[in-house]
Structure formats: C-alpha cells, structure tokens
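Below you'll find the structure, written out as structure tokens, and then a few comments.
Numbering (the working numbering), first residue to last: 511 to 759.
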C-alpha cells in the first residue's frame with residue numbers, strides 16, 4: 511500500500527523532498543476505513559510535527575485527495591479525485607494561501623469551473639460550465655471584488671442574467687431574460703443600492719410591473735398589469751411607505 515501511494519504521486523514527493531528540514535520522508539496512518547484500509551496517511555520529515563503531505567484515500571486504496579505543506583502551511587498543489595480516479599479539483603497554494611489557477615472538473619472530464627487566485631482572493635475571470643461544456647456563468651474579479659459584467663447563461667447558451675459591478679458594488683442596469691430571450695426584468699443600481707426605474711415583464715413580452723426605487727425603497731408610482739396588458743392596480747409610495755392605492759379589477 512505504501513509503495514502504491516508513493517508511486518502515485520512520485521513527482522509531488524520530489525517537490526516536498528527538495529525543501530524544508532533535512533531527513534527522509536516518513537509516514538503513518540492516522541485514520542483507517544472499516545475494512546482496515548488506510549483512510550488518512552500523514553507524511554512528515556524529521557519529526558511528526560513537520561508534516562509535508564496528507565493523503566486521504568478511498569477504501570480501495572485510490573487517492574481521494576493530496577495536500578502538501580511547507581513550514582506548516584499548505585504549499586504547492588492540492589488535488590481532489592473522484593472514486594473513478596478522474597480529477598475533481600486542482601488548486602495551487604503558496605505560503606498557506608491560494609495562488610494561481612483553481613480548476614474543478616465533472617467526472618466526464620469537462621471543466622466545471624475555473625478561476626485564478628492571488629493571496630486567496632479571486633483575481634481575473636471566474637467561469638463556470640454546465641456538464642456538457644456550455645458556459646453557465648462568467649464574472650471578473652479585481653482585488654477579490656467583482657468588477658465588470660456578471661453574466662449567467664441558459665444551457666442553450668442564451669443569456670439569463672446580466673449585472674455590472676464596479677469595485678464590488680452593483681452599478682447601472684441589471685437585466686434578466688426568459689429562456690425565449692424575451693426580457694424578464696430590468697432594474698437600476700447605484701453603489702449597490704436599487705435606485706431608478708424598474709420594470710418586470712411576462713413571458714409573452716407584456717409589462718407585469720413598473721415603478722421607481724430611490725435609495726433602495728419604493729418611490730412614486732407603481733403600476734401592475736395582467737398578461738393581456740390591462741392595468742390592474744396603481745400605488746403611490748413615499749420613502750418606501752404606501753400612501754395611496756387603487757385596484758382596477
């Protein structure tokens with residue numbers, strides 16, 4: 511079993527053997543499965559306090575995950591596998607923090623998500639995919655905050671939702687679409703607060719509701735319609751409080 515473990519990650523063992531304290535790499539089983547097979551194996555160099563790697567295994571001996579350490583902190587590659595042996599996730603650490611690409615896969619080998627981190631903060635594009643490989647969402651981060659368009663898609667590839675961020679705050683027009691690509695809603699944001707006109711629509715394209723927000727609260731007239739386009743109610747708001755309302759049903 512030990513030979514199998516070392517052979518499976520021989521390159522990684524070479525990585526951890528090049529730095530840190532002198533002395534050979536030794537190991538012990540910290541946890542076991544009910545069938546007696548190792549569940550968690552700890553690798554150390556010099557003393558048991560100097561852990562350089564921990565491996566979790568399935569009960570058939572296949573590696574479930576591998577985490578490497580340097581000076582007590584996660585370092586180098588962190589890998590998680592499916593029971594089938596297919597890779598589930600791969601992350602990169604430096605001095606205890608996520609640094610570099612972070613990728614997840616479906617068991618069929620298609621990418622589920624891909625991102626990049628700098629000092630454990632997302633940086634650049636963060637993209638997710640459906641299992642068939644079609645993109646499901648995409649957003650850009652800057653300094654750990656959303657910055658730019660945050661877009662989600664239907665499995666068909668058509669847009670589902672669009673929202674724009676500036677330094678982590680929602681800003682400007684937010685739009686949502688039905689799967690037939692007719693507009694479902696449109697709202698406005700200002701420094702992460704709803705502010706300005708908003709409209710929602712039925713799937714047939716007719717207006718459902720329209721009104722106004724000011725500093726995150728209803729302000730002014732709000733009108734609601736039925737699916738045939740007939741007005742069914744009107745209301746007036748002041749600072750989020752309903753002051754007047756009429757029903758036409």
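Glycine residues also receive a C-beta, built at the ideal position from the N, C-alpha and C atoms.
Euclidean distance between Cα positions of residue i and residue j
i: residue 667; j: residue 698; result: 25 Å
i: residue 648; j: residue 618; result: 21 Å
i: residue 709; j: residue 672; result: 15 Å
i: residue 567; j: residue 594; result: 12 Å
i: residue 627; j: residue 685; result: 28 Å
i: residue 653; j: residue 632; result: 7 Å
i: residue 602; j: residue 612; result: 7 Å
i: residue 651; j: residue 609; result: 14 Å
i: residue 739; j: residue 692; result: 16 Å
i: residue 683; j: residue 705; result: 10 Å
i: residue 605; j: residue 596; result: 27 Å
i: residue 749; j: residue 755; result: 15 Å
i: residue 727; j: residue 674; result: 20 Å
i: residue 690; j: residue 615; result: 29 Å
i: residue 565; j: residue 715; result: 55 Å
i: residue 588; j: residue 598; result: 11 Å
Where residue i falls, given that 16 or more other Cβ within 10 Å makes a residue buried
i: residue 641; result: exposed
i: residue 577; result: buried
i: residue 758; result: exposed
i: residue 536; result: exposed
i: residue 586; result: buried
i: residue 729; result: buried
i: residue 769; result: With the chain covering 511 to 759 only, the question about residue 769 has no answer from this structure.
i: residue 581; result: exposed
i: residue 789; result: Lying outside 511 to 759, the shown extent of the chain, residue 789 is not represented and no answer is given.
i: residue 562; result: buried
Residues near residue i in its chain [Cβ-Cβ closer than 7 Å; skip 5 each side]
i: residue 531; result: Because the pLDDT of residue 531 is 45, which lies under 50, any placement of that residue in the model is unreliable, and the question is left without a value.
i: residue 545; result: 569
i: residue 646; result: 638, 639, 640, 662, 663
i: residue 677; result: 655, 657
i: residue 688; result: 694, 713
i: residue 669; result: 661, 663, 687
N- and C-terminal bounds of the beta strand (DSSP E) containing residue i
i: residue 698; result: 693 to 700
i: residue 759; result: Neither: residue 759 is in no beta strand (DSSP E) and is coded neither H nor E.
i: residue 584; result: 583 to 591
i: residue 617; result: Where residue 617 is concerned, there is no enclosing beta strand (DSSP E), given that its DSSP letter is neither H nor E.
i: residue 579; result: 573 to 580
i: residue 745; result: 741 to 748
i: residue 707; result: 706 to 711
Proximal residues to residue i (C-beta, below 6 Å), its chain only, five neighbours per side dropped
i: residue 732; result: 721, 745
i: residue 543; result: 549, 569
i: residue 635; result: 650
i: residue 558; result: none
i: residue 679; result: 701, 702
Neighbourhood of residue i by C-beta distance below 8 Å, restricted to the same chain and skipping five residues each side
i: residue 533; result: 555, 556
i: residue 742; result: 734, 735, 736, 757, 758, 759
Counting only runs of 3+ residues fully inside the region 661 to 689, write out the beta strand (DSSP E) ranges in chain order.
-> Segments of the beta strand (DSSP E) lying fully in the region 661 to 689: 669 to 676, 682 to 687.
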